[in-house]
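Everything below concerns the one structure shown next.
Number of protein chains: 4
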Amino acid sequence: MSGAQERPLRADAARNRAKLLDVATEVFATRGVGVPTEEIARAAGVGVGTLFRHFPTKEALLEAVMVRRLEAIAVRTTQLAAESEPAEAFFRCFRLVIDQSEGKNEFARALAAAGVDAHAALQESSEVIRARLAGLLAGAQQAGAVRPELGLPELIALMVGTGAAMEHLGADPAARQRIFDVVFDGLRPR
Amino acid sequence: MSGAQERPLRADAARNRAKLLDVATEVFATRGVGVPTEEIARAAGVGVGTLFRHFPTKEALLEAVMVRRLEAIAVRTTQLAAESEPAEAFFRCFRLVIDQSEGKNEFARALAAAGVDAHAALQESSEVIRARLAGLLAGAQQAGAVRPELGLPELIALMVGTGAAMEHLGADPAARQRIFDVVFDGLRPR
Amino acid sequence: MSGAQERPLRADAARNRAKLLDVATEVFATRGVGVPTEEIARAAGVGVGTLFRHFPTKEALLEAVMVRRLEAIAVRTTQLAAESEPAEAFFRCFRLVIDQSEGKNEFARALAAAGVDAHAALQESSEVIRARLAGLLAGAQQAGAVRPELGLPELIALMVGTGAAMEHLGADPAARQRIFDVVFDGLRPR
Amino acid sequence: MSGAQERPLRADAARNRAKLLDVATEVFATRGVGVPTEEIARAAGVGVGTLFRHFPTKEALLEAVMVRRLEAIAVRTTQLAAESEPAEAFFRCFRLVIDQSEGKNEFARALAAAGVDAHAALQESSEVIRARLAGLLAGAQQAGAVRPELGLPELIALMVGTGAAMEHLGADPAARQRIFDVVFDGLRPR
DNA sequence: CATGAATGAGTATTCATTCAT
DNA sequence: GATGAATGAATACTCATTCAT
Chain X
282 MSGAQERPLR
292 ADAARNRAKL
302 LDVATEVFAT
312 RGVGVPTEEI
322 ARAAGVGVGT
332 LFRHFPTKEA
342 LLEAVMVRRL
352 EAIAVRTTQL
362 AAESEPAEAF
372 FRCFRLVIDQ
382 SEGKNEFARA
392 LAAAGVDAHA
402 ALQESSEVIR
412 ARLAGLLAGA
422 QQAGAVRPEL
432 GLPELIALMV
442 GTGAAMEHLG
452 ADPAARQRIF
462 DVVFDGLRPR
Chain W
282 MSGAQERPLR
292 ADAARNRAKL
302 LDVATEVFAT
312 RGVGVPTEEI
322 ARAAGVGVGT
332 LFRHFPTKEA
342 LLEAVMVRRL
352 EAIAVRTTQL
362 AAESEPAEAF
372 FRCFRLVIDQ
382 SEGKNEFARA
392 LAAAGVDAHA
402 ALQESSEVIR
412 ARLAGLLAGA
422 QQAGAVRPEL
432 GLPELIALMV
442 GTGAAMEHLG
452 ADPAARQRIF
462 DVVFDGLRPR
Chain D
282 MSGAQERPLR
292 ADAARNRAKL
302 LDVATEVFAT
312 RGVGVPTEEI
322 ARAAGVGVGT
332 LFRHFPTKEA
342 LLEAVMVRRL
352 EAIAVRTTQL
362 AAESEPAEAF
372 FRCFRLVIDQ
382 SEGKNEFARA
392 LAAAGVDAHA
402 ALQESSEVIR
412 ARLAGLLAGA
422 QQAGAVRPEL
432 GLPELIALMV
442 GTGAAMEHLG
452 ADPAARQRIF
462 DVVFDGLRPR
Chain L
282 MSGAQERPLR
292 ADAARNRAKL
302 LDVATEVFAT
312 RGVGVPTEEI
322 ARAAGVGVGT
332 LFRHFPTKEA
342 LLEAVMVRRL
352 EAIAVRTTQL
362 AAESEPAEAF
372 FRCFRLVIDQ
382 SEGKNEFARA
392 LAAAGVDAHA
402 ALQESSEVIR
412 ARLAGLLAGA
422 QQAGAVRPEL
432 GLPELIALMV
442 GTGAAMEHLG
452 ADPAARQRIF
462 DVVFDGLRPR
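Here the protein sequences come in this chain order: X, W, D and L.
The first sequence begins at 282 in this note's numbering and counts up by one.
The second sequence begins at 282 in this note's numbering and counts up by one.
The third sequence begins at 282 in this note's numbering and counts up by one.
The fourth sequence begins at 282 in this note's numbering and counts up by one.
Encoded structure:
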């Protein structure tokens, strides 16, 4: 169910792969996707060759980074959905998604990819999230906590937009809260 | 009023400059800022040399594009402010800004530049807009149409975010309207 | 006698031409031949078009600069030869040539061109100088003031070399004199 | 002893680097420093990328070429100084320096760099040579073989100048010898 | 498997020269 | 004649990707 079957990777290879993902996540988030592959490899303590062995393309690396993020979100989302009532779960998830989107506009792209085209590998992860979000939305709407006319596309667009707003706003927590106030109040019926 | 005086520019030169700006605006918006300068020049029907005569740097070209956008917005904003009552003016301007932001995330950058630092040339245009937006915001707040705790930074962030949301959503007018409903309702007090 | 016949040039055109030559001489000497034509034109207070009307090529401009220098040297050389005895005339001319070669290695090139290939226009001026130098050399040799085995090529090479040495040395007059002492003593028989 | 330690470089990499240096030395000497990097790379049988991997800048390549020349001269100079008496050592070194300066005015630049400022990397090599030359000069002066009033700057200038003279003169060995006669006799006291 | 040297297409920018105004 | 806008070939340098060691 998760693409082509892969042999289990030797321990060091797995470590390299994980380190590359960590470094790339950090680097893409803080400095954008324009950073040269060599630099990422060096920061991960491996040669470029190794990077390209694990990820045949720079784009593949970016994709893997996004997938990992999406999967993390999917997991947390599932937890939250289990822990809380529908309405609360919905809003906590919304907030979670935004808070996860630290760094540049890279995550916006990730979500955008989830919503729009999505390369093969992303497809799967984003489908999971989309399904989860759809479920949360429906639950919140049935609970009368969210405007009933909103669809999944609008929800995702609002998440992307709120993420962009936060990114532009910077770190001021009070201001961030005011943004959430606006969006969350706006989401409520009437 | 805006820096060194410039001689009026020959007719053909002015035409080329304008064409370059138009093409660059379009191209940056649809395909991002990574598009080669040569391609922009070719699309404008001139040689690269001409492009670099008018804009000494690719960045200078981008800046000029943004300035033109900001100035257009400033003008329309002023008109709207004069025509309507405070509350209506505020919401019409908000919508105007978003509707002007067609194409990729390029406009988000323009507004971001307006909100953050911006090179010298942008500074002026963005100051004008910021002042105008501040005035509109204050007016709408005094009229009781907008939450009083919001400041200019939050307003700009919300505009950037709403633009991003729209971009991600695509053209569907009903869905766009639902986004506006959320944001505008959220902006209102209580 | 001086190449193709030219119509006498209108007064302003002649002024422009002279100004361009002056500026180019200065600029080539102080900043090398890499300076853009536009800059030379601007410094002369004319447009590039005018520059290229007078000198169809950048190289042609450089050539004209050299020719003027060579002609000036030829004139001074002739004067000196008339005023002094052979031996003194020789050494005064040598010194003159070196002192004229202010600035960069541009004059070395001019003399090199005189000695070696020389584009058509240079040919004539350099021939005049070569003849004059040959005469001075022969006179000094007959007067027993210069080693009899030296030929014109060696003399020119020594001038080029002394010019290069001076250029490298800078302005210190005492040091320059010591270079002259070495070369002049070396030129004497025995 | 000379800056950061460098790992030994793989065999093929070392070969490429050496080939590039050889080619650049030849090409800069015969055709000047204006030769395109691509051409140098092609002549060395590598891609441009390889050239820029070894020398991050065209200027760095030129510098490396000069350093190699200076070092070679320093080595030979030291040998000669050890083999001969002061006076003979001085003149043999002078001749050596000149004979090494084949090709255009490129070596003049190298020596000029040695005499004037020079980028960091050149500094060291040129210091070695300057010290060696100063020693030779002092020795020859104490032996009464060279005019006592000459300093190191004049000596270097004379070398640069003699090199320029030779370059201008071409290959004729008899004529070259006559130039040496003039300069060497001129260097002697009285 | 890991390494990092090699590759070369791609990009912004300059500048001699031409030509419409 | 003079002007300076337009041209486009040329050039240094970057970076994703391949492959010999």
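Positions of the beta carbon are idealized from the N, C-alpha and C atoms, including for glycine.
If you're wondering where the values come from, they're calculated on a predicted model, not measured in any experiment.
| query | result |
| --- | --- |
| Partners in chain D for Gly442 (chain L), counting only beta-carbon separations shorter than 8 Å | Gly442, Thr443, Gly444, Ala445, Ala446, Met447, His449 and Ile460 |
| Classification of Arg459 (chain L) by the beta-carbon crowding that lies within 10 angstroms, buried from 16 upward | buried |
| Stretch-stretch touch, CB-based, cutoff 8 Å, three pairs: the segment 404-420 of chain W with the segment 358-375 of chain W | yes |
| Under 8 Å by beta carbon: chain W residues contacting Ala456 (chain X) | Gly432, Pro434, Glu435 and Ala438 |
| Proximity below 8 Å, CB of Ala324 (chain X) to CB of Val346 (chain X) | no |
| Under 8 Å from the C-beta of Val464 (chain X): neighbouring residues of chain W | Val463, Val464 and Gly467 |
| Contact under 8 Å by Cβ, Val329 (chain L) with Thr318 (chain L) | yes |
| Pro337 (chain W) burial status per 10 Å Cβ neighbour count (16 or more: buried) | exposed |
| Three-way DSSP call (helix, strand, coil) for Pro454 (chain X) in this model | helix |
| Integer Cβ distance of Phe371 (chain X) from Ala446 (chain X), believed to fall under 8 Å | Not quite, the Cβ-Cβ distance comes to about 19 Å (not below 8 Å), so this is no contact. |
| Length-filtered (4 minimum) alpha helix (DSSP H) runs lying within the segment 300-345 of chain L | 318-324 and 329-335 |
| 8 Å contact criterion, which Gly444 (chain L) and Ile379 (chain L) should meet: CB distance rounded | 5 Å |
| Alpha carbon of Gly238 (chain D) to alpha carbon of Gly313 (chain D), nearest angstrom | The structure shown does not extend to residue 238 (chain D), since chain D spans only 282 to 471, so no value can be given for it. |
| DSSP three-state assignment for Ala419 (chain L), whether helix, strand or coil | helix |
| Among W:Ala292, W:Ala341 and W:Arg357, nearest to Thr306 (chain W) - alpha-carbon criterion | W:Ala341 |
| Contact belief for Ala402 (chain W) with Val441 (chain W) at Cβ below 8 Å, rounded distance in angstroms | About 20 Å separates the two Cβ atoms, so there is no contact after all. |
| Coil, strand or helix - Leu361 (chain X) by DSSP | helix |
| Outcome for Ile321 (chain L) when other beta-carbon atoms lying within 10 angstroms are tallied against a minimum of 16 | buried |
| As assigned by DSSP and simplified to three states, the class of His400 (chain L) | coil |
| Euclidean distance between Cα positions of Ser406 (chain W) and His335 (chain W) | 20 Å |
| Of the listed residues X:Val409, X:Glu344, X:Phe461 and X:Leu302, nearest to Thr358 (chain X) (C-alpha basis) | X:Val409 |
| Coil, strand or helix - Gly467 (chain X) by DSSP | helix |
| Local Cβ density within 10 Å of Arg457 (chain D), reported as buried at 16 or more and exposed below that | buried |
| CA-to-CA distance, His449 (chain L) to Ala310 (chain D), given in whole angstroms | 20 Å |
| Supposed close pair Leu468 (chain L), Val427 (chain L) - CB separation, criterion 8 Å | 5 Å |
| Host alpha helix (DSSP H) of Ala368 (chain D) (start-end) | Pro367 to Gln381 |
| C-beta contact flag for Asp466 (chain W) and Asp462 (chain X) at 8 Å | no |
| Val427 (chain X), DSSP secondary structure in three states | coil |
| Inter-residue spacing [alpha-carbon to alpha-carbon] between Val316 (chain W) and Gly315 (chain X) | 14 Å |
| DSSP state of Gly442 (chain L) mapped onto helix, strand, coil | helix |
| Own chain, CB closer than 6 Å to Ala424 (chain L), minus 5 neighbours either side, in chain order | Pro367 and Ala368 |
| Whole-Å CB distance - Cys374 (chain X) paired with Leu417 (chain X), under 8 Å assumed | 6 Å |
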